[in-house]
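*Asks:* Let me give you the structure first, and then I'll get to my questions.
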Amino acid sequence: MKLAVNIDHIATLREARGEIEPDPVIAAGICEFAGAEGIVCHLREDRRHINDRDVRILREVVKTKLDLEMAATDEMVKIACEVLPDLVTLVPENRKELTTEGGLNIAVMKDRLTDVIAALTDKEIFVSVFVDPEPENVDLALEIGANIIEIHTGKYANCVTEESQIKELGKIGAIAKMASELDLIVTAGHGLNYYNIFPFQNIPEIREVSIGHSIISRAVYTGMQKAVEDMVKIISKF
Ligand code: PXP
989 MKLAVNIDHI
999 ATLREARGEI
1009 EPDPVIAAGI
1019 CEFAGAEGIV
1029 CHLREDRRHI
1039 NDRDVRILRE
1049 VVKTKLDLEM
1059 AATDEMVKIA
1069 CEVLPDLVTL
1079 VPENRKELTT
1089 EGGLNIAVMK
1099 DRLTDVIAAL
1109 TDKEIFVSVF
1119 VDPEPENVDL
1129 ALEIGANIIE
1139 IHTGKYANCV
1149 TEESQIKELG
1159 KIGAIAKMAS
1169 ELDLIVTAGH
1179 GLNYYNIFPF
1189 QNIPEIREVS
1199 IGHSIISRAV
1209 YTGMQKAVED
1219 MVKIISKF
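Start counting the sequence shown at 989; every next residue gets the next number (the working numbering).
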């Protein structure tokens, strides 16, 4: 299994002081040295962490794969079509949320998402949709022209009993299998850490995980390189 590191919270720390450091661009380079195979950044409407300059420079320096997480708005589509990330991950965005709170409601946004994906695909950008582990999302993702589904693992990560964890993992495993049988690439992310990642070794359809908070948190103590290496060491065996 591959690791893509979400570096938003390096920018969160920078913005806490309105300074120029720490710089997510430097963090991206260290993540790549340490074995990450992708760099993820979320350009939010309110620019609370990653900003336009970061995305532009990340495009210049990221050598593995740049995944731009964004809402399906005209503003973001314009930026993506200019910057040309390797991948766009479409996520719902709610102004007051602390972090992305759930998957896309594809059924409600179907026409909009179809148009956005067509515009991005036209520029040869791969498109992933962030979805809750519900079976109907597989057909919906195919209908709107997505190449990849990223399964939202936040509910799994928040489970407090083993029973509820097993139930959530079952849902994640089922949608991963369905999607990969229909030739969608399957990834997963949100709330994953050095402890709750282990059961994912039993879901081989998930080819990559996108992890931010737990890696940046560990990096505060161990340094970015070691934090990434520690996660790569775990998941490279899956
Ligand atoms: N995937 C998506 C679509 C996200 O929105 C986020 C959070 O920005 C992540 C993965 C990473 O989540 P975490 O920071 O909890 O590892």
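Yeah, the Cβ is synthetic: ideal placement off N, Cα and C, and Gly gets one too.
1) Skipping 5 residues on each side, what residues in its chain have a beta carbon closer than 6 Å to that of A1215?
2) Please state the DSSP three-state secondary structure of T1246.
3) Would you call the segment 1134-1149 and the segment 1102-1117 in contact, with 3 or more CB pairs under 8 Å?
4) Hey, I1094 and V1065 are a contact pair by Cβ (cut 8 Å); roughly how many whole angstroms apart?
5) Would you check if the distance between the CB atom of C1029 and the CB atom of D996 is smaller than 8 Å?
6) Check whether the Cβ of T1052 lies closer than 7 Å to any heavy atom of the ligand PXP, and answer yes or no.
7) I need the straight-line Cα distance from V1013 to V1049, nearest angstrom please.
8) Smallest Cα separation from Y1183: which of A1162, E1033, Y1144?
9) Less than 8 Å between the C-beta atoms of D1042 and A1107, yes or no?
10) Within 10 Å of its beta-carbon, does L1086 have 16 or more other beta-carbons around it, so buried, or fewer, so exposed?
11) Consult DSSP for N1039 and reduce its assignment to one of helix, strand or coil.
12) Would you give the residue range spanned by the beta strand (DSSP E) that E1122 belongs to?
13) Report the option in D1110, M1058, D1074 whose CA atom is closest to the CA atom of L1092.
14) Taking Cβ to Cβ, would you say V1071 is nearer than 8 Å to R1035?
15) Measuring CA to CA, which of V1174, A1022, L1101, D1011 is closest to K1221?
16) Does the beta-carbon of V1104 have 16 or more other beta-carbons within 10 angstroms, so that it is buried, or is it exposed?
17) By how many angstroms is the C-alpha of H1037 removed from the C-alpha of E1003?
*Replies:* Considering the structure as presented:
1) Within the same chain, A1215 has close Cβ partners I1203, R1206, A1207.
2) Residue 1246 falls outside the range modelled here, since the chain spans only 989 to 1226, and no answer is possible.
3) Yes, since at least three Cβ pairs between the segment 1134-1149 and the segment 1102-1117 fall closer than 8 Å, the two stretches touch.
4) Your pair I1094 and V1065 does not check out as a contact, with CB atoms roughly 17 Å apart and the cut at 8 Å.
5) Result yes, Cβ atoms of C1029 and D996 sit closer than 8 Å.
6) No, the Cβ of T1052 stays beyond 7 Å of every heavy atom of the ligand PXP.
7) Each residue's alpha carbon lies about 8 Å from the other.
8) Y1183 has its Cα closest to that of Y1144, out of A1162, E1033, Y1144.
9) Pairing D1042 with A1107 gives a Cβ-Cβ distance that is not under 8 Å.
10) It is exposed - the Cβ of L1086 has fewer than 16 other Cβ atoms within 10 Å.
11) N1039 sits in coil when the DSSP states are folded into three classes, being neither helix nor strand.
12) Unbroken run through E1122: none, as it is neither H nor E.
13) Checking every option, the nearest Cα to that of L1092 belongs to M1058.
14) Cβ atoms of V1071 and R1035: not closer than 8 Å.
15) When only C-alpha atoms are compared, the closest one is A1022.
16) With 16 or more other Cβ atoms inside 10 Å of its own Cβ, V1104 counts as buried.
17) Rounded to whole angstroms, E1003 to H1037 spans 6 Å at the Cα level.
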